[in-house]
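First comes the structure, then the notes that go with it.
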Amino acid sequence: MTSHWEIAKKNFVKLKDNPYPGRGMVVGLSSVGKFLVLVYWIMGRGENSRNRVFCHDGKGRVFTEAADPAKVTDPRNIIYNAMMEGGGIYVVSNGVQTDAVVTGLVSGMTFSQLLAGFKYEDDPPNSTSRITAVCGISSGGGCVEFSLLRKSFLGDSCDRLTFCYDQLDAGLGLCMTTYMGDGNPLPAFIGEPYLLPIDSNNIYTVAKEFWEALNEANRVALVVKFVDLSTGTSTVKIINKYRKV
């Protein structure tokens, strides 16, 4: 019987072989289960998508900015808060929904209620899915709920899928991406979040391993957040391909 670890390692090879998974997120626990781990990356094929860097405010908020503001042709869908936290909640998303989710959850609204006003991105012909994860610290170490807002295969309506995991296992993460791979239009992610290995307790090592797994030509930026399960405090490591002008 194949172990979860073996499945995760095979999936990591598939990620390496995928030229364009698009934007992606991984949520899991570090190798010895000391940290809740959030990974998020952005990729790009066009100049507008590639003209970005990740920035960090030192308080848990990670956001995108234009590497060269003079080259921005359309800021929609590329400038947003990618990670935020508050009230013991840690959120990562691929768009402007991040702010609404954090604010609403702290005030007592549900994940589904908060995302009811959002749908897939208005970027035809791709209609890029909105992907979001909400994480918390539980007695078992960590828990996560994923949301996938995807254009229906039957028309223009929005498929609203959620995946809830009450417990995370040390050394493993769950991954969701916007695309299955390259194409025209880009094929939307299908299926459940899949396992990937997080085989380190060091934030720099985790960042390096995931960065090197992404296609060198298309990767733009990557961020890893470690949350100490005993204190709830977070640490961030960012890797940017481009420098801010």
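The sequence shown lines up with residues 1 to 245 when you count with full-length UniProt numbering.
Heads up, the beta-carbon is just placed ideally off N, CA and C, and yes, glycines get one too.
Residue pairing by DSSP places Y179 opposite A188 in a beta bridge.
Assignment of E209 by DSSP, reduced to helix, strand and coil, places it in the helix class. In this structure, F54 places its C-beta atom within 7 Å of the C-beta atom of A221.
For L15, the enclosing alpha helix (DSSP H) stretches over residues H4 to D17. In the DSSP assignment, F54 falls within the unbroken beta strand (DSSP E) covering R52 to H56. For the set D169, L148 and L38, the Cα lying nearest the Cα of V91 is the one of L38. Annotation: D159 is outside any alpha helix (DSSP H); the continuous beta strand (DSSP E) that includes it extends over C158 to Y165. By the C-beta density criterion, E121 is buried, having at least 16 other C-beta atoms within 10 angstroms. It is roughly 13 Å from the alpha-carbon of D182 to the alpha-carbon of K14. Fewer than three Cβ pairs drawn from the segment 2-10 and the segment 201-219 lie within less than 8 Å of each other, which leaves the two stretches out of contact.
Residue state for G104 is assigned as helix, using DSSP reduced to three classes. Under the three-state reduction of DSSP output, Y204 falls in the helix class.
At the C-beta level, R130 and G155 stay beyond 7 Å of one another.
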